[in-house]
Amino acid sequence: MGTVCIIGARNVPNFIGGIETVCAQLYPQLKGITPEYSYTLFTRVKPINKADQQYAGLTLKYIPTIDISGMETLLHTLFAIIYARLFVHPQIMHLHGIGPGFFAPLSRLFGFKTVVTHHAVDYERPKWGRLGRAFLIQGERNACRYAHRVICVSQALKNDLDKRFAKNSQRYVTIRNGGSLDFTQHLDERNILAEFSLTSAGYILAVGRLEQTKAFHELIAAYLQIEQPVKKLVICGVGIHAEQYVKDLTKNASENIIFAGFQSGERLKTLYANAALFMHPSHMEGFCLVVSEALSAGVPIALSDIPPHREFKLPEQCFFNIGDIAAMKDILQQDDFSAYQSPQAFEHQSLNTWLVSAEKHKALYQAL
21 MGTVCIIGAR NVPNFIGGIE TVCAQLYPQL KGITPEYSYT LFTRVKPINK
71 ADQQYAGLTL KYIPTIDISG METLLHTLFA IIYARLFVHP QIMHLHGIGP
121 GFFAPLSRLF GFKTVVTHHA VDYERPKWGR LGRAFLIQGE RNACRYAHRV
171 ICVSQALKND LDKRFAKNSQ RYVTIRNGGS LDFTQHLDER NILAEFSLTS
221 AGYILAVGRL EQTKAFHELI AAYLQIEQPV KKLVICGVGI HAEQYVKDLT
271 KNASENIIFA GFQSGERLKT LYANAALFMH PSHMEGFCLV VSEALSAGVP
321 IALSDIPPHR EFKLPEQCFF NIGDIAAMKD ILQQDDFSAY QSPQAFEHQS
371 LNTWLVSAEK HKALYQAL
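Be aware that the sequence shown starts at 21, since it is given in this note's numbering, and climbs by one per residue.
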């Protein structure tokens with residue numbers, strides 16, 4: 021019997037963000053195979069009613085923070101750890117992200133077995149100023165030095181930590197994320213396709229947060245070079261603290277370039293399942309959940325050539341160099357995308373379920 025506290029997600033479920041998606045998928049599975057544990061996830065969204073204080077066996081506890089750009093995560097994590105020490109008394113504190121990882125020393129000082137999941141090297145994102153970048157860099161250092169275990173969501177991340185923080189490499193472990201959407205169930209394809217005037221296999225899909233490192237501006241630049249595009253370009257996602265970038269990006273909206281906003285559940289599954297091609301031009305990722313989702317849908321895929329993307333075991337023709345607009349254009353204007361479909365990669369992804377991830381987390385928790 022034990023208690024696990026979770027910090028790093030703004031809220032679950034159906035809340036935009038990679039960490040939020042991971043928590044919404046992982047912890048219900050983990051609760052199912054560890055009924056002897058109780059799980060409390062600290063959120064930043066005030067519940068409207070009592071139903072919002074529970075999710076799939078998890079207790080959702082709202083901890084107020086101060087909404088200051090760049091400080092929200094820091095303050096929320098600090099307040100949540102103090103609250104946990106005073107009122108919850110968990111055996112395990114699980115911090116998601118290197119921002120919350122900054123407080124790994126405090127978590128250990130309070131006597132918690134401390135786990136940090138390293139989702140991405142967030143300080144490489146251009147949106148951070150000098151102070152925010154310094155905080156995240158120190159958060160990564162603190163996580164590697166003080167956490168009992170550091171979970172890396174990709175082997176590329178673990179390899180990087182092994183090189184830069186070799187002293188504590190025995191604490192690092194790779195646990196990849198599962199595919200976040202179930203495509204075995206029947207989809208109602210009518211509503212969202214009609215809403216955006218789309219037809220099955222009549223569009224190219226991109227999904228992700230609207231920020232500079234995702235490089236959707238490069239994808240659009242490549243698409244605009246096609247003289248007479250046959251297929252539409254659909255981009256799903258919203259921006260967070262990236263107002264100017266989103267404004268500049270969405271100026272390109274047209275009959276052929278569609279910004280579909282935040283989508284989840286059946287609507288997102290339908291968009292994946294009916295895409296002619298999924299394309300992801302990102303410059304940096306930790307794991308890249310949207311690629312796992314596209315693979316689960318079994319659609320053709322083209323990706324930027326970065327180490328985390330290589331772990332999905334796609335064939336060579338599915339990759340293009342970072343920022344190579346000409347290469348993206350060449351892919352986008354093809355009539356037949358079957359060369360970018362890989363049954364082997366689909367099979368590889370299908371073995372990497374959230375239940376598998378939960379089993380690995382269970383073993384890690386029990387070994388602390």
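Using N, Cα and C, we set each Cβ at its ideal position, and we do this for glycine too.
Since this is a predicted model, take the numbers as computed values, not measurements.
query	result
Pick helix, strand or coil for Lys66, following the three-state DSSP scheme.	coil
Between the C-alpha atoms of Thr137 and Val250, what's the straight-line distance to the nearest angstrom?	42 Å
I want to know whether the region 130-149 touches the region 107-116 - three or more CB-CB distances under 8 Å.	yes
If you draw a straight line from the C-alpha of Gly199 to the C-alpha of Gln369, how long is it?	7 Å
Could you tell me whether the region 171-179 touches the region 346-363, where touching means 3 or more Cβ pairs closer than 8 Å?	no
Following the continuous alpha helix (DSSP H) through Phe99, name the residue where it begins and the one where it ends.	Glu92 to Tyr103
Just how far apart, CA to CA, sit Arg196 and Leu80?	24 Å
Check for me: the alpha helix (DSSP H) holding Ser377 runs from which residue to which?	Trp374 to Ala387
Do the CB positions of Asn162 and Pro125 come within less than 7 Å of each other?	yes
I believe Tyr265 touches Leu230 by the beta-carbon criterion, under 8 Å. Please report the beta-carbon distance rounded to the nearest angstrom.	7 Å
Could you say which of Lys234, Asn276, Gly285 and Val254 lies nearest to Ile260 if we only look at CA atoms?	Lys234
How long is the line joining the alpha carbons of Pro301 and Ala383, rounded to whole angstroms?	35 Å
Should Leu151 go down as buried or exposed, given a rule of 16 or more other Cβ atoms within 10 Å for buried?	exposed
Assign Leu319 to one of two classes, buried (16 or more other C-beta atoms within 10 Å of its C-beta) or exposed (fewer than that).	It should be noted that the sequence gives Val, not Leu, for residue 319. Buried is the call here.
Given a cut-off of 7 Å on the beta-carbon distance, is the pair Ile39 and His114 in contact?	no
My assumption, with CB atoms under 8 Å, is that Asn69 sits in contact with Ser284. Please give the rounded CB distance.	Wrong, their Cβ atoms sit about 21 Å apart, outside the cutoff.
Compare the Cα-Cα distances from Thr97 to each of Asp344, Glu286, Ser89 and Arg64 and report the closest residue.	Arg64
For Leu388, is the classification buried or exposed, using 16 other Cβ atoms within 10 angstroms of its Cβ as the cut-off for buried?	exposed
To test your reading of the DSSP string, which unbroken beta strand (DSSP E) runs of 3 or more residues are found completely within the region 93-181?	112-116, 133-138 and 169-172
For Gln5 and Ile246, I'd like the C-alpha separation in whole angstroms.	Here the chain has residues from 21 to 388 only, and residue 5 is not among them.
Where does His261 fall in DSSP's three states?	coil
Helix, strand or coil for Ala296, going by three-state DSSP, please let me know.	coil
Can you look up Gly22 in the DSSP assignment and give me helix, strand or coil?	strand
What residues match up with Lys252 in a beta bridge as DSSP calls it?	Tyr223
With a threshold of 16 other CB atoms inside 10 Å of the CB of Phe216, please say whether the residue is buried or exposed.	exposed
Name the residue from His303, Leu225, Val32 and Leu46 whose alpha carbon lies nearest to the alpha carbon of Ser377.	Leu46
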